[in-house]
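**Student:** Input: one structure, supplied below.
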Amino acid sequence: MNRTEQKYHSLYREFNFERKGLFRLLRKTIGDQSVLYPGCSIHITPSFYFRKVLYIDKSQEAVSFFEDKITVASIIQREKEYPASSSFEFVQSNVAVQTLSIHQKFGLLVCLFAGNISSHVLPFIKSGGYVLTANEFSDLAYIQSLNLKLIGTIQANSKSEYKFYSSNDSPKPKPPSSKSKKSVTFKDTLTYYLFQLP
Numbered sequence: 071m072n073r074t075e076q077k078y079h080s081l082y083r084e085f086n087f088e089r090k091g092l093f094r095l096l097r098k099t100i101g102d103q104s105v106l107y108p109g110c111s112i113h114i115t116p117s118f119y120f121r122k123v124l125y126i127d128k129s130q131e132a133v134s135f136f137e138d139k140i141t142v143a144s145i146i147q148r149e150k151e152y153p154a155s156s157s158f159e160f161v162q163s164n165v166a167v168q169t170l171s172i173h174q175k176f177g178l179l180v181c182l183f184a185g186n187i188s189s190h191v192l193p194f195i196k197s198g199g200y201v202l203t204a205n206e207f208s209d210l211a212y213i214q215s216l217n218l219k220l221i222g223t224i225q226a227n228s229k230s231e232y233k234f235y236s237s238n239d240s241p242k243p244k245p246p247s248s249k250s251k252k253s254v255t256f257k258d259t260l261t262y263y264l265f266q267l268p
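As structure tokens, this is what we get:
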């Protein structure tokens, strides 16, 4: 395991922070979509379930990670759950203050743990596309103010199994995520919201 993979392992895999179940369920719910993921850090789990992902982050850590394209591609190739080839790109940018030069539109916007950035990237989501956000550390309040269609919510149970709730039977939001006091393993208690653009 080289330095690049070790970094991913120590930040995500070791603590069960990849949230594979979330993205697996998302793929099952909305099908394969091109994905825009601003504020991604080095979280490449979306590429395990969606064939085309554009990652955006301002940190030097992310730049260093994605510069090792061979290792990143190797991780994705090993973990992906679809037969087709994968495609990913990385752009270093602070989307809150820099104008993105993107000449395409995406089917899914992932807004997680990146703060108030969705207003800067929503123009790059196609009509009928989707937005995934959460009730903590994200941009839920702004997205709700746009009166987009709420498709449903996703939560993990005590066994870390993710379940989709339609907008008619969505449960109440859970408390913020935390790590167990007896373990460093991540316990996902967030409520994820899936919206659809008109």
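Its first residue numbered 71, the sequence shown is counted upward by one per residue in the working numbering. Beta carbons are placed, not taken as given, at the ideal position from N, Cα and C, and that holds for glycine.
Which complete beta strand (DSSP E) runs does the segment 114-151 hold, if anything under 3 residues is left out?
**Tutor:** 122-127
**Student:** Answer yes or no: do residue 125 and residue 87 have a C-beta to C-beta separation smaller than 7 Å?
**Tutor:** Walking along the sequence shown from the start, residue 125 turns up at place 55. Walking along the sequence shown from the start, residue 87 turns up at place 17. Cβ distance not < 7 Å, so residue 125 and residue 87 don't count as in contact.
**Student:** Ends of the beta strand (DSSP E) at residue 154?
**Tutor:** Working through the sequence shown from its first residue, we reach residue 154 at position 84. Premise fails: residue 154 is in no beta strand (DSSP E) and is neither H nor E.
**Student:** From the DSSP output, in three-state form, read off residue 215 for me.
**Tutor:** Here residue 215 corresponds to residue number 145 of the sequence shown, with the count starting at 1. Residue 215 falls in the helix class under three-state DSSP.
**Student:** Name the DSSP bridge partner or partners of residue 162?
**Tutor:** Counted from its first residue, the sequence shown places residue 162 at position 92. Partner(s): 127.
**Student:** Would residue 82 be called buried (16 or more neighbouring beta carbons within 10 Å of its own) or exposed?
**Tutor:** What you label residue 82 is simply residue 12 of the sequence shown in a count that begins at 1. Buried, by the Cβ-count rule.
**Student:** According to DSSP, which residues form a beta bridge with residue 225?
**Tutor:** Taking the sequence shown and counting its residues from 1, the one referred to as residue 225 is at position 155. Residue 225 pairs with 233.
**Student:** Going by C-alpha to C-alpha distance, which of 99, 111 and 77 sits closest to residue 235?
**Tutor:** In the sequence shown, the residue the question calls residue 235 occupies position 165. Looking at the Cα atoms, 99 is the closest of the given residues.
**Student:** Quick check on residue 176: does DSSP put it in helix, strand or coil?
**Tutor:** For this step, residue 176 is matched to residue 106 along the sequence shown. It is a strand residue.
**Student:** In the DSSP assignment, what are the bridge partners of residue 201?
**Tutor:** Indexing the sequence shown from 1 puts residue 201 at position 131. Note: residue 201 sits in a beta bridge opposite 179 and 265.
**Student:** Are the beta-carbon atoms belonging to residue 219 and residue 196 less than 7 Å from one another?
**Tutor:** Mapped onto the sequence shown, residue 219 falls at position 149. Mapped onto the sequence shown, residue 196 falls at position 126. Their beta carbons are not under 7 Å apart, which means residue 219 does not touch residue 196 by this criterion.
**Student:** Does the segment 205-213 come close enough to the segment 183-196 that 3 or more CB-CB pairs lie under 8 Å?
**Tutor:** yes
**Student:** Pick helix, strand or coil for residue 191, following the three-state DSSP scheme.
**Tutor:** For this step, residue 191 is matched to residue 121 along the sequence shown. Looking at residue 191 - three-state DSSP - the assignment turns out to be helix.
**Student:** What did DSSP end up calling residue 87 once you bin it into helix, strand or coil?
**Tutor:** Taking the sequence shown and counting its residues from 1, one reaches residue 87 at position 17. Coil, per DSSP.
**Student:** In or out: residue 116 buried (at least 16 other Cβ within 10 Å) or exposed?
**Tutor:** Working through the sequence shown from its first residue, we reach residue 116 at position 46. That one is buried.
**Student:** What does the alpha-carbon distance come out to for the pair residue 62 and residue 204?
**Tutor:** Given a span of 71 to 268 for the chain in the structure shown, any question on residue 62 remains unanswerable.
**Student:** Classify residue 109 as buried or exposed, calling it buried when 16 or more other Cβ atoms lie within 10 Å of its own Cβ.
**Tutor:** Residue numbering aside, residue 109 sits at position 39 when the sequence shown is read from its first letter. It counts as buried.
**Student:** Per DSSP, residue 220 is paired with what?
**Tutor:** Indexing the sequence shown from 1 puts residue 220 at position 150. 265.
**Student:** Would you check if the distance between the CB atom of residue 172 and the CB atom of residue 194 is smaller than 7 Å?
**Tutor:** Here residue 172 refers to the residue found at position 102 of the sequence shown. Here residue 194 refers to the residue found at position 124 of the sequence shown. Yes.
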